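Below you'll find the structure, written out as structure tokens, and then a few comments.
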Amino acid sequence: MSGNRVLVAGASIAGPALAHWLHRRGAQVTVVERAPELRPGGQAVDARGVAKEVIRRMGLDTAVRAARTETAGAHTVDADGTVLETFRAEDDGGDGYISEIEILRGDLSQVLYDDTRDGVEYIFGDRIAELTQDADGVDVVFASGDRRRFELVIGADGLHSALREMAFGPRERFVRHLGLVLAFYTVPNEFELGRWLLDYQESGRSAGLRPIRDARQAMAVFSFPAADFDVDYRDVTAQKRLLRERMDGMGWLAPRILAHLDDTPDFYLDQVAQVVMDRWSNGRVGLLGDAAFSSSPMSGQGTGLALVGAYLLAGELAASGWDPEAGFAAYEARMRSFVEANQEIGRLHAHSLAFPDPDAEPEWDMALIERAINGIELPDYADLLDLGAPAEIPSTSAAKP
6 MSGNRVLVAG
16 ASIAGPALAH
26 WLHRRGAQVT
36 VVERAPELRP
46 GGQAVDARGV
56 AKEVIRRMGL
66 DTAVRAARTE
76 TAGAHTVDAD
86 GTVLETFRAE
96 DDGGDGYISE
106 IEILRGDLSQ
116 VLYDDTRDGV
126 EYIFGDRIAE
136 LTQDADGVDV
146 VFASGDRRRF
156 ELVIGADGLH
166 SALREMAFGP
176 RERFVRHLGL
186 VLAFYTVPNE
196 FELGRWLLDY
206 QESGRSAGLR
216 PIRDARQAMA
226 VFSFPAADFD
236 VDYRDVTAQK
246 RLLRERMDGM
256 GWLAPRILAH
266 LDDTPDFYLD
276 QVAQVVMDRW
286 SNGRVGLLGD
296 AAFSSSPMSG
306 QGTGLALVGA
316 YLLAGELAAS
326 GWDPEAGFAA
336 YEARMRSFVE
346 ANQEIGRLHA
356 HSLAFPDPDA
366 EPEWDMALIE
376 RAINGIELPD
386 YADLLDLGAP
396 AEIPSTSAAK
406 P
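Residue numbering for the sequence shown follows the numbering used here, beginning at 6 and increasing consecutively.
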């Protein structure tokens, strides 16, 4: 082991993915997560294009595919349930509207945790309370009172990153609301969904259902436009009240779906937002995933950015000899244009939902979409230490801009 001790904040997707690569590059990795355990369920997330290559290089292709939702595709419907348009999972080489690798966020988190738990220290139910850095390392005080010193600290703790606020400044400087609010939660599958996602849109609002758990349950998804957003993301009662108010009078299956709101075992509502920063590092503290460059759920690429970013961040830090200035700079240089393409997709999609034009045919810049899916090169880092590499990696080809 290198003696480089790295603390990663956040155990959803970006954090454990980074832990995988840091461990393989020889670092001693600790992941701290404020939740008492892994959070199950959550929104369905996708891996497209170059992100699938990262999964293959991790040796996790079989495990990830085994945990997929296996959604066959999506139907857009009218208020009577008549199908207006169909998107299939195999469209666009499996990288379309519904990707061939679609998995619940919690299920992907579990795969990554299971892969790393033997070589990485996980601390649940705790968080970083204070940090102080100098030229050689970072002193961290945890909320539990534990004190430790690390060579590097990485925030992979999401849109509302506490570490980002601690090391870079208040969230208002970096979080950009896109005029849309998104909610989702689990309901019984009393809607005969089969393996198809259903999507209904009405005057800027949308309601959807997707099958999960072998179609025994369904994930309800709602969105509605909002010029601003001032509901605390931790106040579930206020969030549910807001959702009922904004969905009042909506057609299709919306009333039946909303009837399960108080019985659901999980519930999420938050603004659709992006994180825009001039740089993703400050000395020995860096950021990854939504904490650094959220592209919003409307891009469909948040998971891809996290996986690709984890691969590149660990690789560039190791390639630099664990020099934070050089390693972080190289990581940012490789990722920046890829992030910007995905954020542009997110802004365009959010705007099209929040401000629909019924008389306009939607037009997408296919070159932009290609850059957002494949527009980055993955170095093979063949000269770097690689502990625990998979015995066989199917492909090392990398998409290039």
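Glycine is no exception: its CB is placed at the ideal position from the N, C-alpha and C atoms. Quantities reported herein were computed from a predicted structural model and do not represent experimental measurements.
Query: The beta strand (DSSP E) that contains residue 38, what's its start and end?; Result: 33-38
Query: To the nearest angstrom, how far is it from the Cα of residue 290 to the Cα of residue 26?; Result: 17 angstroms
Query: Between the C-alpha atoms of residue 248 and residue 279, what's the straight-line distance to the nearest angstrom?; Result: 21 angstroms
Query: When the Cα of residue 376 is compared with those of 387, 384, 340 and 388, which residue comes out closest?; Result: 340
Query: Going by CA-CA distance only, name the one from 263, 355, 319 and 83 that's closest to residue 159.; Result: 319
Query: Per DSSP, what kind of secondary structure is residue 325 in: helix, strand or coil?; Result: coil
Query: In this structure, what does DSSP give as the bridge partners for residue 418?; Result: Outside the displayed range of the chain (6 to 406) lies residue 418, so it cannot be described from this structure.
Query: When the distance is taken between beta carbons, is residue 183 closer than 8 angstroms to residue 304?; Result: no
Query: Write down every uninterrupted run of the alpha helix (DSSP H) in the segment 273-353 whose length is 4 residues or greater and which is fully enclosed by it, in chain order.; Result: 295-298 and 307-324
Query: Quick one: is the Cβ of residue 256 within less than 7 angstroms of any heavy atom of the ligand ADP?; Result: By its list of ligands, the structure shown contains no ligand whatsoever, and the ligand ADP lies outside what it can speak to.
Query: Tell me the DSSP secondary structure of residue 149 in three-state form.; Result: coil
Query: Could you round the C-beta distance between residue 152 and residue 49 to whole angstroms and report it? I think they count as a contact, below 8 angstroms.; Result: Actually they are not in contact, since the Cβ atoms of residue 152 and residue 49 sit about 39 angstroms apart, beyond 8 angstroms.
Query: Enumerate in chain order the residues of its own chain whose CB-to-CB distance from residue 81 is below 6 angstroms, with the five nearest sequence positions on each side excluded.; Result: 89, 90 and 204
Query: In whole angstroms, give me the CA-to-CA distance for residue 208 and residue 255.; Result: 9 angstroms
Query: Quick one: residues in its chain with C-beta nearer than 8 angstroms to the C-beta of residue 11, no 5 flanking neighbours on either side, listed in chain order?; Result: 27, 32, 33, 34, 35, 155, 156, 157, 158 and 159
Query: Are the segment 174-193 and the segment 271-287 touching, with three or more C-beta to C-beta distances below 8 angstroms?; Result: yes
Query: How would you write the range of the beta strand (DSSP E) that residue 224 sits in, first residue to last?; Result: 222-230
Query: Report the option in 170, 394, 242 and 126 whose CA atom is closest to the CA atom of residue 24.; Result: 126
Query: Does residue 174 come out as helix, strand or coil in the three-state DSSP assignment?; Result: coil
Query: Of all the beta strand (DSSP E) runs that stay within the bounds of the segment 164-221, which reach a length of 3 or more residues?; Result: 180-193, 201-207 and 210-217
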